[in-house]
Amino acid sequence: MKKFGFVISQGRQLNFDEMHNEKVEKLLELVPSYRLCIGCGGCTAACSAAGFTDYNIRKIHTSFFRAQYEGLDEQLKRCMLCGKCLLVCPRGVNTRSLIINMRRVLANVQPNTFVRKGAEE
Amino acid sequence: MKWPFVVFAILYWLGVVGLMVKWVFFEPLFSVFVLPFMLGVILLLFFSIVKYWRWINSFDKLQRAIIRKNIWSWRFLPAIWEAFREGLLHWRITKKNLLLGYMHRSLAFGWFLLIVVGAVQSRLAIPDGHPMWVAIFFNYFEQDVDISAFKHAVLFANVMDALLIYVLSGLFLAMFKKVWSRPMGMKRTTRHTLMDRVAKMALWCIFPFRLLSEGVTSSLYGNGGFMIKPLGDLIYTIGLSNQAFEYTCWTLYSVALGTFFCLMPFSRYMHIFTEIFLIYFRQLGVHDSDKKTGYTMFELSACSRCGICIDGCPMNKELGIVNMQGVYMLQSIRNLELQKNAEPIAENCLMCDRCVADCPVNLDLSVIRRQVRINNKKDIDSKGGYGYLRDVQPFNSIGRVAYFGGCMSHLTPGITKSMETIFNAVGQKYWYMDRDETICCGRPLLQQGFENQAFELRRKNTELIVNSKATMLVTSCPICYQSFKKEYKLSIPVVHHTEYINMLIESGRLKLRKDDRKVTYHDPCELGRGCGIYDEPRDILKATTTLLKTKNEREHSLCCGFNLGNPLLDIEQQTEIRNASRENLLAPEPDLIATACPMCKKAFMRADNVPVKDIAEIVAENIIKS
Numbered sequence: 001m002k003k004f005g006f007v008i009s010q011g012r013q014l015n016f017d018e019m020h021n022e023k024v025e026k027l028l029e030l031v032p033s034y035r036l037c038i039g040c041g042g043c044t045a046a047c048s049a050a051g052f053t054d055y056n057i058r059k060i061h062t063s064f065f066r067a068q069y070e071g072l073d074e075q076l077k078r079c080m081l082c083g084k085c086l087l088v089c090p091r092g093v094n095t096r097s098l099i100i101n102m103r104r105v106l107a108n109v110q111p112n113t114f115v116r117k118g119a120e121e
Numbered sequence: 122m123k124w125p126f127v128v129f130a131i132l133y134w135l136g137v138v139g140l141m142v143k144w145v146f147f148e149p150l151f152s153v154f155v156l157p158f159m160l161g162v163i164l165l166l167f168f169s170i171v172k173y174w175r176w177i178n179s180f181d182k183l184q185r186a187i188i189r190k191n192i193w194s195w196r197f198l199p200a201i202w203e204a205f206r207e208g209l210l211h212w213r214i215t216k217k218n219l220l221l222g223y224m225h226r227s228l229a230f231g232w233f234l235l236i237v238v239g240a241v242q243s244r245l246a247i248p249d250g251h252p253m254w255v256a257i258f259f260n261y262f263e264q265d266v267d268i269s270a271f272k273h274a275v276l277f278a279n280v281m282d283a284l285l286i287y288v289l290s291g292l293f294l295a296m297f298k299k300v301w302s303r304p305m306g307m308k309r310t311t312r313h314t315l316m317d318r319v320a321k322m323a324l325w326c327i328f329p330f331r332l333l334s335e336g337v338t339s340s341l342y343g344n345g346g347f348m349i350k351p352l353g354d355l356i357y358t359i360g361l362s363n364q365a366f367e368y369t370c371w372t373l374y375s376v377a378l379g380t381f382f383c384l385m386p387f388s389r390y391m392h393i394f395t396e397i398f399l400i401y402f403r404q405l406g407v408h409d410s411d412k413k414t415g416y417t418m419f420e421l422s423a424c425s426r427c428g429i430c431i432d433g434c435p436m437n438k439e440l441g442i443v444n445m446q447g448v449y450m451l452q453s454i455r456n457l458e459l460q461k462n463a464e465p466i467a468e469n470c471l472m473c474d475r476c477v478a479d480c481p482v483n484l485d486l487s488v489i490r491r492q493v494r495i496n497n498k499k500d501i502d503s504k505g506g507y508g509y510l511r512d513v514q515p516f517n518s519i520g521r522v523a524y525f526g527g528c529m530s531h532l533t534p535g536i537t538k539s540m541e542t543i544f545n546a547v548g549q550k551y552w553y554m555d556r557d558e559t560i561c562c563g564r565p566l567l568q569q570g571f572e573n574q575a576f577e578l579r580r581k582n583t584e585l586i587v588n589s590k591a592t593m594l595v596t597s598c599p600i601c602y603q604s605f606k607k608e609y610k611l612s613i614p615v616v617h618h619t620e621y622i623n624m625l626i627e628s629g630r631l632k633l634r635k636d637d638r639k640v641t642y643h644d645p646c647e648l649g650r651g652c653g654i655y656d657e658p659r660d661i662l663k664a665t666t667t668l669l670k671t672k673n674e675r676e677h678s679l680c681c682g683f684n685l686g687n688p689l690l691d692i693e694q695q696t697e698i699r700n701a702s703r704e705n706l707l708a709p710e711p712d713l714i715a716t717a718c719p720m721c722k723k724a725f726m727r728a729d730n731v732p733v734k735d736i737a738e739i740v741a742e743n744i745i746k747s
């Protein structure tokens, strides 16, 4: 179990110009429900991996949106894709797809373009 | 529209030239028109042997070991029976729809008999032996030899005519199906590639041309049986009975056969031979691995592209998505389109196994799909992400049952509480493995193609279970159940809680009362189609409540839509699939929907005014305390 306690966060600066970069755009294109998140943290509360470690999907989500990518990939590897976050999300964010595609975008693997709704006949 | 006449004229003059060649270089039992047919046969043999040889050589180590171990066993007997039943009689298709079964059977079995009886006929008629094409074009070559000694000539001619009628009736149905497939039990049929269409046209031409050629020959020489003779008379009356036209017709028949045979190894008709091989390997015990192997290639070719997988698929039925079903996925793998279309086709699937249950060739479509997904994810499937699990310790549980609730059960605490109540009621000591901290079983990762990561979780869970020395593993989640049962190599029995409760009831350890609630049961995909557990949940429900029948049950059950197989669906689409499944369950007006999966429970709970309960909860409510 994680030990809680007071810690002093490092000071940091956000560069707003960096926030809407192509990584975020790519992710929004792959997982449109990404933008529905209200940051309630339900996913993190339900998370299986968070029971063992300080893996925090809400924090990762926020960091990604703020273009702070350091260490995110290492964090995302801890996810077990069990899907609990998906069922608790009050906004219907496709969290599993989000995690898989964040890893893709961070690793710079080009996901294949895909058809979403309906289909060609 | 001049060109049909031009083509006809060319063929006609070819016929005249062929006849002249025959007169000049007279050779009994040979004619130039057999060449297209022979070329087709030779190419078919060559390409089939090359392909099969390459595929057999690319089996992996395990598959080779299984073949080597079982090849000298009696397993070939059931294989022969199954090949006969499925390859010729098409039993599984007949069970789906009588007319559809008749169509396939008449084409396959009818043609097979036509070849066999034709071979016997020509062998008996010409006892000195003859080249192989004589059997195929027997009515033509009949004139070249003296067959007066052949006693059963009339009988064989009649039998051959009857068989030709049988095949033609199937062909007529096939053409009818092209226009209107509903009566054959198929709403949608497959969009075929160009190669498949050309091959199909060649196949469709074969038998009408045969009928015509035999008719023309009969108009000249009066041979043939009860159908060909009147046809010959008719042709004679019309005035088409001349040798050049006869030659043209036989040439067309030979060209149709030759074209079909040439295209066969590269079209859907490769399934005719491949299915026989596949059935044999399957009976030997070979199964798919996580990588594409030669066995996968056999499966890819054994797919007849009938499209039966399309109708049952919830993605088609509820969302109208018809580009990712089994038949199209296999098509894209075969055509090496994977790089282009991997995402929509391989990922956009619920992995509910409905197509696997429907497939007349019994292809393991979900495993093949998983192979593609593993291939898609190989760049991001990393090792070493789960170091944080190092400190999780097993609990010494000698003589105890290990209970694994699963991740999802943590969101439905009713299920785990009920299981604890049941364990306590029968005095069974247990170890609740994941009471506080859940390690996922790894199946959700594997289904998405994260093979290495899933392996790490499996290794950790195996270590925990083995070191705990528990005697049995009970799980509440069908996903975990399938994983522990099939992917883990555990030495202790693995049971789902419905099986476990059923065992308790049967052994008399658990006494239940029956209440007056009416219940419909939802078969979870992973438990039903995945593991074949259909009866245990129903037995329990019959013992505790009144179980109502629904329209789509057992292997035809409808997915709840919230399944973890599909990462692309958004919540509205999932809800649509769920609603269809729910309508089916609510049709008999139950008081309660019962299921055996926390995920399905959660899915139905989201919508319903009708309460949804897991079987464990119903049982826990109805325990008679002694």
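Going down the list, the protein sequences come from chains A and B. Position 21, counted from 1, in the first sequence is what our numbering calls 21; the numbers after and before it change by one each time, with no gaps. So the mapping is simple: our numbering equals the position in the second sequence, first residue as 1, plus 121. Ideal placement from N, C-alpha and C gives every residue a C-beta, glycine not left out.
Nearest-angstrom Cα distance between residue i and residue j?
i	j	result
B:Lys321	B:Phe387	12 angstroms
B:Met391	B:Ser425	8 angstroms
A:Arg116	B:Cys562	Note that A:Arg116 scores 34 on pLDDT, short of 50, meaning its location in the model is unreliable and no value can be drawn from it.
B:Glu396	B:Pro481	11 angstroms
B:Gly651	B:Ile286	43 angstroms
B:Ile177	B:Thr414	9 angstroms
B:Ala467	B:Arg491	8 angstroms
B:Arg556	B:Gly629	28 angstroms
B:Gly379	B:Ala278	24 angstroms
A:Glu18	B:Arg303	57 angstroms
B:Arg312	B:Leu135	36 angstroms
B:Ile543	B:Pro435	35 angstroms
For residue i, count the other beta carbons within 10 Å of its own beta carbon; 16 or more makes it buried, fewer makes it exposed. Which is it?
i	result
B:His211	buried
B:Phe419	buried
B:Arg511	exposed
B:Asn582	buried
B:Cys383	buried
A:Pro90	exposed
B:His273	exposed
B:Asn344	buried
A:Cys40	exposed
B:Lys412	exposed
B:Pro252	exposed
B:Pro157	buried
Can you look up residue i in the DSSP assignment and give me helix, strand or coil?
i	result
B:Lys298	helix
B:His273	coil
B:Lys734	strand
B:Val616	strand
B:Ile442	coil
B:Leu668	strand
B:Ile744	strand
B:Leu532	helix
Since residue i is in the alpha helix (DSSP H), which residue starts that stretch and which ends it?
i	result
B:Phe402	His392 to Leu405
B:Phe419	Gly415 to Ala423
B:Trp325	Leu315 to Tyr342
Counting only the same chain and skipping the five closest in sequence on each side, list residues whose C-beta sits under 8 angstroms from that of residue i.
i	result
A:Leu106	Lys23, Tyr69, Leu72, Asp73 and Leu76
B:Asp265	Pro149 and Leu150
B:Leu183	Ser410
B:Val142	Val153
Span of the beta strand (DSSP E) holding residue i?
i	result
A:Leu28	First-last for A:Leu28: Glu22 to Leu30, but that is the alpha helix (DSSP H), not the beta strand (DSSP E).
B:Lys639	Lys639 to His643
B:Phe525	Val522 to Phe525
B:Ile714	Leu713 to Thr716
B:Val595	Met593 to Thr596
B:Tyr368	Premise fails: B:Tyr368 lies in the alpha helix (DSSP H), Gln364 to Leu384, not in any beta strand (DSSP E).
B:Gln655	This sequence places Tyr at residue 655 of chain B; Gln is not what is there. It is not in any beta strand (DSSP E) - B:Tyr655 carries neither H nor E in the DSSP assignment.
A:Tyr164	Because chain A is modelled from 1 through 121, residue 164 of chain A falls outside the range shown and cannot be assessed.
Leaving out five residues before and five after residue i in sequence, what residues of the same chain have Cβ atoms less than 7 angstroms from its Cβ?
i	result
A:Met80	Ser48 and Ala49
A:Cys85	Cys43, Ala46, Cys47, Ile57 and Thr95
Between which residues of its own chain and residue i is the CB-CB distance below 6 angstroms, once the five residues before and five after are set aside?
i	result
B:Tyr133	Thr369
B:Trp124	none
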